[in-house]
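Peer 1: What follows is a single structure, and I will ask about it in a moment.
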Amino acid sequence: MAIHLTKESRVLVQGMTGGEGMKHTRRMLAAGTNVVGGVNPRKAGRTVDFDERAVPVFGTVHEGMDATGADVTVVFVPPAFAKAAVTEAADAGIGLAVVITEGIPVHDAVAFTAYAKSKGTRIIGPNCPGLITPGQSNAGIIPADITKPGRIGLVSKSGTLTYQLMYELRDTGFSTCVGIGGDPVVGTTHIDCLAAFEQDPETDVIVMIGEIGGDAEERAASYIREHVTKPVIGYIAGFTAPEGRTMGHAGAIVSGSSGTAQAKKEALEAAGVPVGGTPTETARLVLTRLEAERAGNQA
Amino acid sequence: MDLYEHQARELFEEYGIPVPRAEVAHSPEEAREIARRLGGRSVVKAQVKTGGRGKAGGVKLAADPAAAQLTARHMLGMDIKGHTVGKVMLAQPVEVEREFYVSYVLDRAVGRFLAIASAEGGMEIEEVAATRPEAVVRIPVDPAEGVTTAKAARIADAAGLPPQTVDVLVRLWEILTREDALLVEVNPLVRTTQGRILALDGKVTLDDNARFRQARWGDEDDTHEDPLEAAAAAKGLTYVRLDGEVGIIGNGAGLVMSTLDVVAGCGARPANFLDIGGGASAQIMADGLSVILSDPAVKSVLVNVFGGITACDAVADGIVRALDSVRLTKPLVVRLDGNNAARGRAILDERAHPLVQQATTMDGAARRAADLAHAA
Chain A
-19 MAIHLTKESR VLVQGMTGGE GMKHTRRMLA AGTNVVGGVN PRKAGRTVDF
31 DERAVPVFGT VHEGMDATGA DVTVVFVPPA FAKAAVTEAA DAGIGLAVVI
81 TEGIPVHDAV AFTAYAKSKG TRIIGPNCPG LITPGQSNAG IIPADITKPG
131 RIGLVSKSGT LTYQLMYELR DTGFSTCVGI GGDPVVGTTH IDCLAAFEQD
181 PETDVIVMIG EIGGDAEERA ASYIREHVTK PVIGYIAGFT APEGRTMGHA
231 GAIVSGSSGT AQAKKEALEA AGVPVGGTPT ETARLVLTRL EAERAGNQA
Chain B
7 MDLYEHQARE LFEEYGIPVP RAEVAHSPEE AREIARRLGG RSVVKAQVKT
57 GGRGKAGGVK LAADPAAAQL TARHMLGMDI KGHTVGKVML AQPVEVEREF
107 YVSYVLDRAV GRFLAIASAE GGMEIEEVAA TRPEAVVRIP VDPAEGVTTA
157 KAARIADAAG LPPQTVDVLV RLWEILTRED ALLVEVNPLV RTTQGRILAL
207 DGKVTLDDNA RFRQARWGDE DDTHEDPLEA AAAAKGLTYV RLDGEVGIIG
257 NGAGLVMSTL DVVAGCGARP ANFLDIGGGA SAQIMADGLS VILSDPAVKS
307 VLVNVFGGIT ACDAVADGIV RALDSVRLTK PLVVRLDGNN AARGRAILDE
357 RAHPLVQQAT TMDGAARRAA DLAHAA
């Protein structure tokens, strides 16, 4: 099962023939992803060899879907072309578009997330590492070999904190890890993933990683209180961030008194979500909670 | 990037939003000349990218050109909330009958822009919203439709703004979209005693991600008032200077923010945020180290790297080569974890630099760097 991505997923790569696209397509294939094609109008009709596998290049997402039955696209195109790429994918009716590209103008993200929604296409990202269902499929740039399959679900704004937790909990393993991205406007939120993990029979516990900026974590806390029965463990980065400064991610900024790490931590704790003081402590909280769940189930 | 008030005013004027006559002065003499051109009386306004300027003495009425010169002399060089006043704007005074508030802001919760409008402008809109929420209307804008005259009329009507503001709302939306702004705000938008609508003060924040298609502001990046931040920016590094003593280098924005927090949790203060990204090449590592080591407040340096896509041995190679080009003057604690961590640690062990030590966990590395900073 997992969420949004399984071994059945057929994946297209927009921008596969560029440097990053080539590098990560190779890595996705190595992780078991069923990459069925690339999209590049100037190289349509060719194939690209990745070790043992020849991947065809299509002129459009629509052609790629017709020929392969693709239901996921991973977007690596440069920022200036991302809006056109996502719009094309949504017009073709693809179910999921994972937008890795960093540095997309906010007005473009506002336009394409609204448009994709109207067409029924889920966007993950932009400015995200993608998502991985370990042992099944990897759509994006998350390193696949630092963890194994298991029953923890993870949703995070941050790529490297995702990797850190995947690695700390590598002996327990993950159902799906979703990097939703650090931009101010993203297509899939913490809440969307919490809802999906709640429904996923292969997920027992959920890790939610947030950071300063906006109020997505506070809204997620309200959602957890109302709708999530599975245990959730939280981590928030950016307690020491000064007001008014962007901390690496375009969306990671404390504005006045809003968007602080403290407010997010308090909201989560008020919703019954333990929040780790460090990534390592967060991993320990997850393990403790899992053990308690299992002991409870046996009793 | 935030624009100065005078730049926002220029944009308003260019897009046909009425503004008072005004000019910018960099010296008291220039201020006197401008005041004369404006007809004698003027409002002298410090140009700083921060709020609360009026309360800090950054806005003064000058009765004549000599007074404008004196006021400008006092204001230039003044410190307002950590911002040094480098220029003042002199504007023709207007007689205000009513003050309104209008803005377009990004609503991250729904991924759309909101029109915010109130017939009670002038003061902080947050205060109005907190005390009299019914006096502030918030109307989402469909990105595909934008703000048409009909939409603007609905916004103005809902907020109780006079019909003459409809045109201002339409033109402000044009600024927002054509200039790739994340925020445009007019506060106050006023009606004068003669019945004219004027934008008296404005704020515009531009999207840094859109610079590739917004050539106009390319050379205008003076946001790095700190010399180290300017040096880091020139090298393409994502660096924010803080006021602590533990220098920090890491890969990935979230992990670096987390590293700052963990160091603070050990009782030390982080000296900076520096994200060297996924690649962590020798050049980037050397550039980052040289920026951090040139901060006199730094007493120890913590390198916290998780090897995901870039394996730790490649990162360790980068650190070793950086140590060849940068003279290390402070103790350096390195924590490598993830892919090929053992090989990476062996490479650093082999280099055996006397000022470099390793820790295997993030928490342990932060503790060590904090202790070294305290001992220094």
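Chains as they are written, first to last, in the working numbering: chain A, -19 to 279; chain B, 7 to 382. By construction, the Cβ of each residue, glycine as well, lies at the ideal position given by its N, Cα and C atoms.
(1) For the region 230 to 254 of chain B, which residues have a beta carbon sitting closer than 8 Å to at least one beta carbon of chain A?
(2) Which residue or residues does DSSP assign as beta-bridge partners of Pro276 of chain B?
(3) Answer yes or no: does any C-beta atom of chain A fall closer than 9 Å to that of Met263 of chain B?
(4) Please decide whether Ala89 of chain A counts as near chain B, where near means a Cβ-Cβ distance under 9 Å.
(5) Measuring only between beta-carbons, confirm whether Glu206 of chain A sits less than 9 Å from chain B.
(6) Classify Asp163 of chain B: buried if its beta carbon has 16 or more other beta carbons within 10 angstroms, exposed otherwise.
(7) Hey, Gln48 of chain B and Leu96 of chain B: beta-carbon distance below 9 Å or not?
(8) Please confirm whether Thr367 of chain B has its beta-carbon closer than 9 Å to some beta-carbon of chain A.
(9) In chain A, which residues lie less than 8 Å from Ile181 of chain B when you measure between Cβ atoms?
(10) Taking Leu175 of chain B and Ile161 of chain B to be in contact with their CB atoms under 8 Å, please state how far apart those CB atoms are, rounded to whole angstroms.
(11) Below 8 Å on the Cβ atoms is my guess for Arg374 of chain B versus Ala365 of chain B; work out the distance and round it to an integer in Å.
(12) Using a cut-off of 9 Å between C-beta atoms, extract the partners of Asp151 of chain A located in chain B.
(13) Determine which residues of the region 269 to 292 of chain B have a Cβ less than 7 Å from any Cβ of chain A, and write them out in chain order.
(14) Decide if Val135 of chain A is buried, meaning its Cβ has at least 16 other Cβ atoms within 10 Å, or exposed.
(15) Rounded to whole angstroms, what's the CA-CA distance from His229 of chain A to Val100 of chain B? Just pull it up for me.
(16) Relative to the C-alpha of Pro169 of chain B, which candidate in B:Trp179, B:Val134 and B:Phe106 has its C-alpha closest?
(17) Grab the span of the alpha helix (DSSP H) containing Gln144 of chain A for me, first residue to last.
(18) Does the region 17 to 25 of chain B come within contact of the region 240 to 253 of chain A, defined as at least 3 CB pairs closer than 8 Å?
(19) Is there at least one Cβ from chain B nearer than 9 Å to Arg131 of chain A's Cβ?
(20) Which residues in the same chain have their Cβ closer than 7 Å to the Cβ of Thr77 of chain B, if we skip the five residues on either side of it in sequence?
(21) Taking DSSP's pairing of strands, which residues face Phe154 of chain A in a bridge?
(22) Would you call the region 56 to 64 of chain A in contact with the region 202 to 220 of chain A, where contact means no fewer than 3 C-beta pairs closer than 8 Å?
(23) So Asn215 of chain B and Tyr245 of chain B are in contact, right, with Cβ under 8 Å, and what is the actual spacing, rounded?
(24) Interface residues of chain B around Gln242 of chain A at Cβ under 8 Å?
(25) Locate the beta strand (DSSP E) running through Arg104 of chain B, then write down its first and last residues.
(26) Keeping to the same chain, check which residues put their C-beta closer than 7 Å to that of Pro231 of chain A; ignore five residues upstream and five downstream.
(27) Taking the C-alpha atoms as reference points, what is the distance between Pro254 of chain A and Ala31 of chain B?
(28) Who are the neighbours of Gly139 of chain A on chain B, taking C-beta pairs under 9 Å?
(29) Select from the region 339 to 359 of chain B all residues with a C-beta closer than 8 Å to any C-beta belonging to chain A, and list them in chain order.
(30) Expressed to the nearest angstrom, what Euclidean distance is found between the alpha-carbon atoms of Gly18 of chain A and Leu212 of chain B?
(31) I'd like to know if Glu132 of chain B contacts chain A, where contact means its C-beta is closer than 9 Å to some C-beta of that chain.
(32) Closer than 9 Å, CB to CB, is Pro139 of chain B near chain A or not?
(33) Do Gly260 of chain B and Ile189 of chain A come within 9 Å of each other at the CB atom, strictly closer than that value?
(34) What is the DSSP secondary structure of Asn345 of chain B, counted as helix, strand or coil?
(35) Check whether the Cβ of Val100 of chain B lies closer than 8 Å to any heavy atom of the ligand COA, and answer yes or no.
(36) Does the Cβ-Cβ distance between Met291 of chain B and Arg333 of chain B come in under 9 Å?
Peer 2: Taking the coordinates as given:
(1) Going along the region 230 to 254 of chain B in chain order, one finds Thr244, Val246 and Leu248 with a Cβ nearer than 8 Å to chain A.
(2) Stepping through the second sequence from its first residue, residue 276 of chain B is reached at position 270. Pro276 of chain B pairs with B:Val252.
(3) Position 257 of the second sequence, counted from the start, is the residue given in the question as residue 263 of chain B. Chain A, which has a Cβ nearer than 9 Å to the Cβ of Met263 of chain B, makes this yes.
(4) Within the first sequence, numbered from 1, the residue matching residue 89 of chain A stands at position 109. Closer than 9 Å to some Cβ of chain B, the Cβ of Ala89 of chain A qualifies, so yes.
(5) As a position in the first sequence, residue 206 of chain A is number 226, starting the count at 1. Chain B, which has no Cβ nearer than 9 Å to the Cβ of Glu206 of chain A, makes this no.
(6) Walking along the second sequence from the start, residue 163 of chain B turns up at place 157. With fewer than 16 Cβ atoms within 10 Å of its Cβ, Asp163 of chain B is classed as exposed.
(7) Here residue 48 of chain B is taken as the residue at index 42 of the second sequence, counted from 1. Here residue 96 of chain B is taken as the residue at index 90 of the second sequence, counted from 1. Note that residue 48 of chain B is Ser in the sequence shown, not Gln. A contact, by the Cβ cut-off of 9 Å.
(8) On the second sequence, residue 367 of chain B is found 361 positions in, with the first residue counted as 1. Cβ-Cβ to chain A under 9 Å: yes for Thr367 of chain B.
(9) Within the second sequence, numbered from 1, the residue matching residue 181 of chain B stands at position 175. Contact annotation for Ile181 of chain B against chain A: no contact, minimum CB-CB distance about 12 Å [criterion: below 8 Å].
(10) For this step, residue 175 of chain B is matched to residue 169 along the second sequence. For this step, residue 161 of chain B is matched to residue 155 along the second sequence. Their Cβ separation, rounded to whole angstroms, is 6 Å, which keeps Leu175 of chain B and Ile161 of chain B in contact under 8 Å.
(11) Numbered from its first residue, the second sequence carries residue 374 of chain B at position 368. Numbered from its first residue, the second sequence carries residue 365 of chain B at position 359. So it is a contact: roughly 5 Å between Cβ atoms.
(12) Translated into the one-based positions of the first sequence, residue 151 of chain A becomes position 171. Ordered by position in chain B, no residue passes the 9 Å Cβ test against Asp151 of chain A, which lies about 15 Å from the chain.
(13) Ala270, Gly271, Pro276, Phe279 and Asp281
(14) As a working mapping, residue 135 of chain A is identified with position 155 in the first sequence. By the 10 Å Cβ count, Val135 of chain A comes out buried.
(15) If you number the first sequence from 1, residue 229 of chain A lands on position 249. If you number the second sequence from 1, residue 100 of chain B lands on position 94. Those two C-alpha atoms are separated by around 42 Å.
(16) The count along the second sequence starts at 1 and reaches residue 169 of chain B at position 163. Minimum Cα distance to Pro169 of chain B is reached at B:Phe106.
(17) As a working note, residue 144 of chain A is residue 164 in the first sequence. Element bounds for Gln144 of chain A: Gly139 to Glu148.
(18) no
(19) As a working note, residue 131 of chain A is residue 151 in the first sequence. So no, Arg131 of chain A is outside the interface.
(20) Working through the second sequence from its first residue, we reach residue 77 of chain B at position 71. Listed in chain order, the non-local C-beta contacts of Thr77 of chain B below 7 Å within the same chain comprise Val50, Lys66 and Ala68, local neighbours out to five positions each way being set aside.
(21) Here residue 154 of chain A corresponds to residue number 174 of the first sequence, with the count starting at 1. Phe154 of chain A has A:Ile132 as its beta-bridge partners, per DSSP.
(22) The region 56 to 64 of chain A, when compared against the region 202 to 220 of chain A, does not touch it at the 8 Å Cβ threshold.
(23) Along the second sequence, read from residue 1 onward, the residue named residue 215 of chain B stands at position 209. Along the second sequence, read from residue 1 onward, the residue named residue 245 of chain B stands at position 239. Actually they are not in contact, since the Cβ atoms of Asn215 of chain B and Tyr245 of chain B sit about 18 Å apart, beyond 8 Å.
(24) Residue numbering aside, residue 242 of chain A sits at position 262 when the first sequence is read from its first letter. Here the premise fails: no neighbours, minimum Cβ distance about 11 Å.
(25) Along the second sequence, read from residue 1 onward, the residue named residue 104 of chain B stands at position 98. First-last of the beta strand (DSSP E) with Arg104 of chain B: Val102 to Asp113.
(26) As a first step, residue 231 of chain A is located in the first sequence; it is residue number 251 there, counting from the start. Sequence check: residue 231 of chain A is Gly here, not Pro. Hits under 7 Å: Gly162, Asp163, Pro164, Gly193 and Gly194.
(27) On the first sequence, position 274 is the one that residue 254 of chain A refers to. On the second sequence, position 25 is the one that residue 31 of chain B refers to. The straight-line gap from Cα to Cα measures roughly 55 Å.
(28) Residue 139 of chain A sits at position 159 when you count from the first residue of the first sequence. By Cβ distance, chain B contributes Gly258, Ala259, Gly260, Leu261, Gly284 and Gly314.
(29) Asp343, Gly344 and Asn345
(30) In the first sequence, the residue the question calls residue 18 of chain A occupies position 38. In the second sequence, the residue the question calls residue 212 of chain B occupies position 206. Rounded to the nearest angstrom, the two C-alpha atoms are 34 Å apart.
(31) Position 126 of the second sequence, counted from the start, is the residue given in the question as residue 132 of chain B. Closer than 9 Å to some Cβ of chain A, the Cβ of Glu132 of chain B qualifies, so yes.
(32) Along the second sequence, read from residue 1 onward, the residue named residue 139 of chain B stands at position 133. Taking 9 Å as the threshold, the shortest C-beta distance from Pro139 of chain B to chain A does not fall below it.
(33) On the first sequence, position 209 is the one that residue 189 of chain A refers to. On the second sequence, position 254 is the one that residue 260 of chain B refers to. A contact, by the Cβ cut-off of 9 Å.
(34) In the second sequence, residue 345 of chain B corresponds to position 339, counting from 1. Three-state result, Asn345 of chain B: coil.
(35) No copy of the ligand COA appears in this structure; indeed no ligand is present at all.
(36) Here residue 291 of chain B is taken as the residue at index 285 of the second sequence, counted from 1. Here residue 333 of chain B is taken as the residue at index 327 of the second sequence, counted from 1. No, the Cβ-Cβ distance between Met291 of chain B and Arg333 of chain B is not below 9 Å.
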